[in-house]
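Some notes on the structure that comes next.
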Amino acid sequence: MNAYFEIAYAAVTNRLCLFTGTGFSKAVTNNEAPGWQELLESACALLANGSAIKSALFPATGKNPLSLEEAAQVISLQFSKNKKILHEDLADIVAALECKGDNAVIEEFLRNYPLRVITTNYDLLAEDLAGPERCQSISPGFPVPRSSAPVKVFHVHGSIESPLNMVVTSDDYFRFMTGETYFSRKLSTVLHENTVVILGYSLADTNLKTIINDYKRFSRTHVIGGNLFLVSRGKVARYLKEYYAHSYGIRVLDSTEVHSFFEKLTDQMAAATKCAVPSIEKIKKVLDQGESFDDSYLGQEASFYEITASVAAIGRSINDNDVVSVLGEVIKKKISLTGASGAWEQYQHLARWLCHLGSILELPGTSIEAVYLKAVLKSMDSMSNALAYGASWDAYKAWDARWTNLLWANRALIRGHIEARCFNDDALEIVRRE
């Protein structure tokens, strides 16, 4: 399954939310946007004794003695002594930022598709890229508009439009972390109702963890699959991917720059647009009116991805008995399709379907577990690492390439089942990998 198709499907069905951090602003300004520490160091330069304060808070060697929000509190106190307001000077620095470089692919996407943007950035760069005529900028200190707009940008930590409401110091962060406002409840709703893609962020950020923890508790029990993605510029070790998936329900798209993400996403928009409306209408009929999917449709590899995406798009629960039953019947039908003469591509499809489902949904204890394991045994028992008569090389390649993407709990479940029932050395070699 191409994760970008899944995200594109969310965009087409008006269920996409981008969660942007400093990395996003750096990407669209040719790296001119300052990081949080850089911004505070720039503020120090505005004070008469700024060099001494900067050296004390951000020593050239060794660790910083204070967290960045605590350092901001120290700087804010020094600004107050000079009858200045740190928030206002920071807003002036950020306001000078402009989009630079070739941002055409990002601008085109934001100007053609509806979405929500949640950001901890103070700048208005996302608004500039989307265009003022189709964008609403929403931040604490201002009423949340009741009217609609294709793009809504929620500034979690405030924006330069209202400097005094920007979350900067430790005092500000305390109020932000403990406050319960209409704005915070609105953000929670946006996270729960959309596929969320984190751009320009690291999970090391405590504020991001706080925000998505609530999302995690909701998504574990209500959403068909992992609807939270983290886009990372660098390579992320498999062990960290497993941690992200287990602790936050996050799927990682690594080795991906911001612009590259939008390029890959744009490549999937045509396919998602073509299938979104009919697949949503069909899943509703299947779930609500007892219809079923035709064999000709299930014979296509893309059908399973469309089904899982459409279930998420209509907001059905993972605990919905009808949803689980439908997925089970779909997999059963796919197994039967592998029995047709010359149906070798069906073995490849089945393997990829099972890998996809195993990468987005923890299967142990669900009512689909038995059907899933039966399908896995069928798939692995009939595959081969060599071109052998009566065995699928393509199915082996699918499992070989995707095994480490499966959730740890599912790998353990499959390993025990295959070791007890399968004597295919190629299958055993795959499931015993760490």
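Residue numbers (the numbering used here): 863 to 1296.
Don't be surprised by glycine CBs; every beta carbon is placed ideally from N, CA and C.
Here the structure is a predicted model, which means the values were calculated and not measured.
Alpha-carbon spacing of residue i relative to residue j, whole angstroms
| i | j | result |
| --- | --- | --- |
| T1057 | N876 | 10 angstroms |
| E1296 | R973 | 44 angstroms |
| C1284 | D1243 | 6 angstroms |
| F867 | C1217 | 16 angstroms |
| G897 | G1062 | 11 angstroms |
| A1066 | A1205 | 47 angstroms |
| Q935 | A1164 | 53 angstroms |
| H1108 | S1221 | 11 angstroms |
| P994 | G1201 | 56 angstroms |
| S1094 | D1157 | 39 angstroms |
| T1135 | V874 | 6 angstroms |
| K1195 | L1160 | 8 angstroms |
| L1102 | E1224 | 17 angstroms |
| A1248 | S1254 | 9 angstroms |
| D1034 | L1115 | 32 angstroms |
| A905 | Q899 | 10 angstroms |
| S917 | E950 | 23 angstroms |
| F1038 | P927 | 23 angstroms |
Assigned secondary structure, residue i (DSSP; H/G/I helix, E/B strand, else coil)
| i | result |
| --- | --- |
| Q804 | Examination of residue 804 is not possible in this model, given that the chain is present from 863 through 1296 alone. |
| I1176 | coil |
| T982 | coil |
| S1241 | helix |
| C997 | strand |
| K1259 | helix |
| V1029 | coil |
| F1155 | coil |
| K945 | coil |
| C906 | helix |
| H1019 | coil |
| I1230 | coil |
| F1091 | strand |
| C1217 | helix |
| R1113 | strand |
| S1254 | strand |
| V1059 | strand |
| L1268 | coil |
| L880 | strand |
| H1084 | Caution applies to H1084, whose pLDDT of 48 falls short of 50 and renders its modelled position unreliable; the value that the coordinates give is listed next. In the structure shown, H1084 sits in a helix (DSSP, three-state: H, G or I). |
| T891 | strand |
| K962 | strand |
| V1293 | helix |
| L1225 | coil |
| L1338 | In the structure as shown, the chain starts at 863 and stops at 1296, and residue 1338 therefore has no counterpart that could be examined. |
| K925 | coil |
Supposed contact pair residue j and residue i - C-beta distance, whole angstroms, cut 8 angstroms
| i | j | result |
| --- | --- | --- |
| I1280 | Y1234 | The Cβ separation is near 12 angstroms, so there is no contact. |
| W1265 | E1104 | 13 angstroms between Cβ atoms; not a contact. |
| L939 | V1030 | About 12 angstroms; that fails the 8 angstroms criterion. |
| F1004 | S1024 | 7 angstroms |
| Y975 | A1171 | Actually they are not in contact, since the Cβ atoms of Y975 and A1171 sit about 16 angstroms apart, beyond 8 angstroms. |
| Y1209 | D1256 | 7 angstroms |
| A895 | T882 | Their Cβ separation, rounded to whole angstroms, is 11 angstroms, which puts A895 and T882 out of contact at 8 angstroms. |
| A953 | L902 | Going by Cβ atoms, the distance from A953 to L902 rounds to 14 angstroms, so no, they are not a contact pair. |
| M1245 | A1289 | 7 angstroms |
Other residues of its chain near residue i: CB distance less than 7 angstroms, five sequence neighbours each side excluded
| i | result |
| --- | --- |
| P1226 | A1271 and L1275 |
| H1121 | A889, V967 and I968 |
| I1176 | I1142, I1145 and K1146 |
| L991 | V890, C961, N965, I968, E969 and L972 |
| I1022 | A953, V956, A957, Y984, D985 and L986 |
Option nearest residue i by Cα separation, candidates the options
| i | options | result |
| --- | --- | --- |
| D1184 | A1202, L1149, L1160 and L1212 | L1149 |
| K1126 | V1188, S1010 and I968 | I968 |
| S999 | P921, T884, A918 and K1014 | K1014 |
| P1007 | K1048, T1118, D1182 and S1064 | K1048 |
| L987 | S1046, N892 and D1034 | N892 |
| S1001 | N1027, D1034, E989 and A1011 | N1027 |
| F941 | Q1151, M1039, N911 and F1166 | N911 |
| T1118 | L919, V1098 and F1045 | V1098 |
| E1012 | V1018, C997, H1019 and G1020 | Per the sequence presented here, residue 1012 reads as Pro, with Glu not at that position. Of V1018, C997, H1019 and G1020, the residue nearest in Cα terms is C997. |
| N1286 | R1273, K1071 and A1250 | A1250 |
Contact set for residue i: own chain, Cβ-Cβ below 8 angstroms, skip 5 residues either direction
| i | result |
| --- | --- |
| C879 | L977, R978, V979, I980, V1052, L1053, N1056, T1057, V1058 and V1059 |
| I1197 | L1212, K1236, A1237 and K1240 |
| I869 | L878, T1057, V1059, F1091, L1127 and Q1130 |
| G1020 | Y984, S1001, P1002, G1003, N1027, M1028 and V1029 |
6 angstroms Cβ shell around residue i - same chain, five flanking residues per side excluded
| i | result |
| --- | --- |
| I1230 | V1186, L1189 and G1190 |
| V1090 | What sits at residue 1090 in the sequence shown is Leu, not Val. Within the same chain, L1090 has close Cβ partners V1058, G1111 and I1112. |
| D985 | S887, V956 and L959 |
| N983 | S887 |
| F1123 | V1093 |
| R1277 | V1293 |
| G1252 | none |
| A1133 | none |
| N1267 | S1221 |
Test: residue i CB closer than 7 angstroms to a CB of chain C
| i | result |
| --- | --- |
| W1206 | The structure shown contains no chain C; it is built from a single protein chain. |
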